[in-house]
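Asker:
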Amino acid sequence: MSGLDDIDIVRLVQAALTSSTLAYAPYSGFHVGAALLFADGAVVSAANVENASYGLSLCAEANAVAKAMNEGRRSGLIALAVVGGKPDADGEVAPGPEPVMPCGRCRQMLHELAALGVTDPEVITVARGSLLRMPLSALLPHAFGPANLA
Ligand code: THU
78 MSGLDDIDIV RLVQAALTSS TLAYAPYSGF HVGAALLFAD GAVVSAANVE
128 NASYGLSLCA EANAVAKAMN EGRRSGLIAL AVVGGKPDAD GEVAPGPEPV
178 MPCGRCRQML HELAALGVTD PEVITVARGS LLRMPLSALL PHAFGPANLA
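Residues 78 to 227 (our numbering) are what the sequence shown spells out, left to right.
(1) Take Ser-134 as the anchor and find which of Ser-122, Lys-163, Ala-102 has the nearest alpha-carbon.
(2) If you check the beta carbons only, do Glu-138 and Pro-176 fall under 9 Å apart?
(3) Give me the Cα-Cα distance between Gly-80 and Val-200, rounded to the nearest whole angstrom.
(4) Which residues bound the alpha helix (DSSP H) around Arg-88?
(5) May I ask you to list the residues that DSSP assigns as paired with Phe-115?
(6) In its own chain, which residues sit with a C-beta less than 8 Å from the C-beta of Gly-153, not counting the 5 before and 5 after it?
(7) Using 8 Å as the cut-off, can you tell me whether the segment 83–98 makes contact with the segment 160–168, which would need three or more C-beta pairs spanning the two stretches below that distance?
(8) Just how far apart, CA to CA, sit Arg-150 and Ile-84?
(9) Within a Cβ cutoff of 6 Å, which residues of the same chain sit near Leu-217, ignoring the five residues on either side of it in sequence?
(10) Just the Cα atoms here: how many angstroms apart are Asp-165 and Gln-91?
(11) On the DSSP bridge list, what partners appear for Val-170?
(12) Just tell me which of Val-126, Gly-222, Ala-100 has its CA closest to the CA of Glu-169.
(13) How should Leu-208 be labelled, buried or exposed, when 16 other C-beta atoms within 10 angstroms of its C-beta is the threshold for buried?
(14) Please report the distance separating the alpha-carbon of Ala-119 from that of Val-87.
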């Protein structure tokens with residue numbers, strides 16, 4: 078597991094929370110923010126974006142990966158934070174009792190970016206009053222990735 082210090086974790090969770098206020102989730106009402114931390118200290122974050130054709134909705138983590146890659150990032154992903162829940166009247170998300178776990182598709186998308194830079198980022202998910210931390214490889218063991226196509 079990476080040697081993240083508390084300040085990185087607070088910064089990352091705060092960035093995910095801030096992003097969650099920009100979620101477009103009128104159908105589920107579930108607002109998610111994801112923040113990716115890179116080795117150069119940069120944080121790239123995004124929220125979920127839903128669609129009236131429900132199945133086209135995009136998760137926060139997928140949007141964050143696409144955003145980072147569109148900024149030219151291909152390596153250095155060392156950690157990410159995910160926060161989700163129902164927004165209050167001010168649009169602030171209050172995390173629920175269970176941490177939000179990245180869905181299968183997002184795990185695969187995160188793996189692609191991690192594999193390009195040969196990192197195993199720490200995934201931090203937030204619940205009410207607690208954090209869960211684990212390496213991405215624990216969430217997607219024996220992943221299919223770029224190496225399989227070589
Ligand atoms: N969602 C995310 O953005 N990330 C996750 O890790 C889980 C689910 C979104 C998809 C959909 O917009 C809403 O949460 C409810 O599933």
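Cβ coordinates follow ideal geometry from the N, Cα and C atoms, glycine included.
Answerer: Considering the structure as presented:
(1) Ala-102
(2) Glu-138 places its beta carbon 9 Å or farther from that of Pro-176.
(3) 13 Å
(4) 83–97
(5) Leu-154
(6) These residues qualify, in order along the chain: Phe-115, Ala-116, Asp-117, Gly-194, Thr-196.
(7) yes
(8) 23 Å
(9) Arg-184, His-188
(10) 17 Å
(11) Pro-164
(12) The shortest C-alpha separation from Glu-169 is found at Ala-100.
(13) exposed
(14) 14 Å
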